[in-house]
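In what follows, a single structure is set out as structure tokens and then discussed.
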Ligand code: 0A1
Ligand code: ZN
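Residue numbers (UniProt numbering): 1 to 896.
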């Protein structure tokens, strides 16, 4: 392990900046091998600062010259160490001029200024601006920027930066320039420039106020047939933010640029959003329904940041969820509103909760667990997490649940009224909500300060004589790193009661004059244990608790199988209807998993099929799924969700000790059983949803495709000629990527004769479409018969490159995170492969490496044999030299 342990940064150590910046003027002479940057910073001493030392950050920069108020500084005038440049004893008003050079074409970290496919791009969040120049690179230093870009005109015909283009022209020697001015103050992490050979689709759009704005989507030549959906999504986002939150686009020009090499999804740079191509480029030929939906969500997300993040930003990086949790909540609501129907909203809600449970709950239970507002970090890049984003969004959603939609809007209005143009904290946001809603939200603060997923155990007692129902809720929260004991959370629990016919009963709480009109009630659980008494309850009800997933908790309630089937058939709350099915399936899957383990232990297993087949034959799940599958009053999208079994990762989370192989065998057995039990209904659904027609990504059409394709995936489990022919036909005739990929996946996971040819045909057809080739790699890495050797072989394919994050994710991450039974092979070869890849990535791109490093962070949850091998692999990474701060933090925390 590296000896110089990187320092930990603590939230409690926050100190105001010593100097504030008014304006920044930058000049770039862009050349891939050596770019010169001249920066002029107009700064003033901050009255709130503690001294007169100017503190600037700079990394991987060549410092050419430094001038303070016109005077060249000599080495003795400042201190430069560990990426920090300090100028002590500075005057109250300072003009600092800095000349630096960087080498963009050697920048493989994709932070700061880098080259992708011959074009220049920047990525400055969180601390990338310091790779461009020395600067007080912290979000609470906000300034106005003017940027001059100069470059060779032929190689880099397009020159973009934040704000408005105020001047452009030619220079000697075939060079040209463009000058950009951003009228708004911004933190340095929102700075951006793009230079290169790009083309754009543009549209003029009239805002509600009547002002006209110019919208552009920039891509590489040849991709203009893939920008319409992003443009539509942008226009819908602009309209939605005006309507739902009264927030108008504040610039005259708004640009989106797509880049093929990008560490994350996209970036909200002021007026110049830079996107991973994955979240821009789409047409029916290359993109799936999920891609279309993701593009809409990410375009919305980045656009919504313009207010929640840019106009009001974060005081420090511990407050990251202030902008991220809020903006994810906004993009979730946007996507839901774009579907428009109640059932569509429910489908979106289920999707979001699935992500939370699949990724965030495990994080919150592992060694990297942290509060939504962390107290410390080593590397901030490691804290762009599902906790900060998705749990953060749940926390914001709870304000809306507690205050109501109108109350939440009032809170948002007050937040902007108070803080526009400022860098603030999560506490400021909470205060705006509390003040606008006249509510005491003090206890609510614990959602920001305590990590871990709370448990809410429910118990009911019905007394027929007094017609009362007592609902007792008891909360607890498991210990997490650095937090042994937790205080009670303020938890909104939405509850309804179903009568024996499955209808919602009127709800009247003890002490109320009459039942409220609403048949869902939000109870506020604030103590460790609380009892709520409902009166006038005519018969013993089946409770529907945590409707709409009203809080990010685990609900513990002992439903009988019959009650779950009843809720699946009747609950008016679509989320809980789906939830009941998941509970039923999980219960059965856990039983089967235990049976596999027992059989294995007994030694003489002929076939698991026989062993599991002898399990008590329980048709409750098949029967309940059949009812749902046949119910045409339900959206196809909803039926697809009900039919989809909890993932292997989700099942693993329910186990004390994770046994990936037993889980896999059990789940596969259940899929085959369901396919057999539901064969005719699945075929009928497949045929009913199978009218191709012209492709549209709308909710109804994509829902039908989803149902059709989940039916197909079950049916191929039967390995029948008839079904394999269907899959082959769909593969050959599909007019869109959703159906094509589903068919290819079905074939790949079957014994179909044509599967190798289908894979090859797919590759040659889409060879030029990088995003589709990513899908090709993923499909094979997650295929049922894939093992580490499959992946090793694919890694030698000429189209594979570890340097491109999307490609690395498509193969390596997909295997390590998306194929648990193969990755966790008993021989430990999956882990050895993982260690190699982490070490390789650490050298080129620490951020991406650290993400991969997390694949083993829950190693202590696994069977002893696997644990031992995982620890070995972790130690191997720990022992390697030149470990980045990013990877070192993850590995150290995993092993501690
Ligand atoms: N703020 C972006 C996320 C983002 C963070 C870091 C990045 O580079 C390392 C890039 C993007 C968002 O929430 O969309
Ligand atoms: Zn964001």
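Beta carbons are placed, not taken as given, at the ideal position from N, Cα and C, and that holds for glycine.
Values in this document were obtained by computation on a predicted structure and should not be read as measured data.
Query, Result
"Residues that DSSP places opposite residue 108 in a beta bridge", "Per DSSP, none; premise fails for residue 108."
"N- and C-terminal bounds of the alpha helix (DSSP H) containing residue 816", "814 to 818"
"Of the residues 89, 60, 74 and 10, the one placed nearest residue 18, counting alpha carbons only", "89"
"Helix, strand or coil at residue 490 according to DSSP, with G and I counted as helix", "coil"
"C-beta atoms of residue 628 and residue 670 nearer than 8 Å", "no"
"Residue 176 Cβ short of 7 Å to the ligand 0A1 heavy atom set", "no"
"Beta-bridge pairing of residue 533 - partner residues as DSSP gives them", "470"
"Given 8 Å, three or more beta-carbon pairs between the stretch 809 to 827 and the stretch 645 to 655", "yes"
"Residue 553 (DSSP reduced to helix, strand or coil)", "coil"
"Top-ranked residue by Cα proximity to residue 964, from 62, 596 and 575", "Outside the displayed range of the chain (1 to 896) lies residue 964, so it cannot be described from this structure."
"Integer Cβ distance of residue 100 from residue 146, believed to fall under 8 Å", "Contact flag wrong, Cβ pair sits at about 18 Å."
"Cβ-Cβ separation, residue 526 to residue 443 (assumed contact under 8 Å), whole Å", "6 Å"
"Residue 7 to residue 753 span [Cα, whole Å]", "57 Å"
"Own chain residues within Cβ distance below 6 Å of residue 436, not counting five before or after", "410, 411 and 414"
"Short Cβ contact (8 Å threshold) for residue 258 with residue 224", "no"
"According to DSSP, residues forming a beta bridge with residue 213", "205"
"Length at least 4, wholly inside the stretch 846 to 894: the alpha helix (DSSP H) runs in chain order", "846 to 853 and 864 to 879"
"Distance between beta carbons of residue 846 and residue 886, contact taken as under 8 Å", "4 Å"
"Sequence-distant residues of its chain with Cβ nearer than 6 Å to residue 67 (five each side left out)", "97"
"For residue 3, three-class secondary structure by DSSP", "Unreliable positioning characterises residue 3 in this predicted model, as indicated by a pLDDT of 49, which lies under 50. A coordinate reading is not provided."
"Beta bridge counterpart(s) of residue 483 as assigned by DSSP", "480"
"Span of the alpha helix (DSSP H) around residue 196", "That residue, residue 196, is in no alpha helix (DSSP H); its beta strand (DSSP E) goes 193 to 196."
"Buried or exposed by the 16-neighbour rule on C-beta atoms within 10 Å, applied to residue 517", "exposed"
"Under the three-state DSSP convention, the category residue 9 falls into", "strand"
"Helix, strand or coil at residue 769 according to DSSP, with G and I counted as helix", "coil"
"Residue 680 versus residue 726 - alpha carbon distance", "14 Å"
"Residues passing the C-beta test against the ligand ZN heavy atoms, cut-off 6 Å", "301, 305, 324 and 327"
"Span of the alpha helix (DSSP H) around residue 615", "From DSSP, residue 615 is part of no alpha helix (DSSP H); its letter is neither H nor E."
"Boundaries of the beta strand (DSSP E) in which residue 166 is found, first to last residue", "164 to 170"
"Start and end residues, alpha helix (DSSP H) containing residue 350", "342 to 355"
"Limits of the unbroken beta strand (DSSP E) element including residue 521", "521 to 525"
"Distance, residue 340 Cα to residue 563 Cα", "31 Å"
"Pairwise C-alpha distance: residue 700 and residue 163", "39 Å"
"Residue 538 versus 511, 469 and 481, residue with shortest Cα-Cα distance", "469"
"Residue 530 CB to nearest heavy atom of the ligand 0A1 below 7 Å", "no"
"For residue 541, the first and last residue of its enclosing beta strand (DSSP E)", "Per DSSP, residue 541 belongs to no beta strand (DSSP E) and is neither H nor E."
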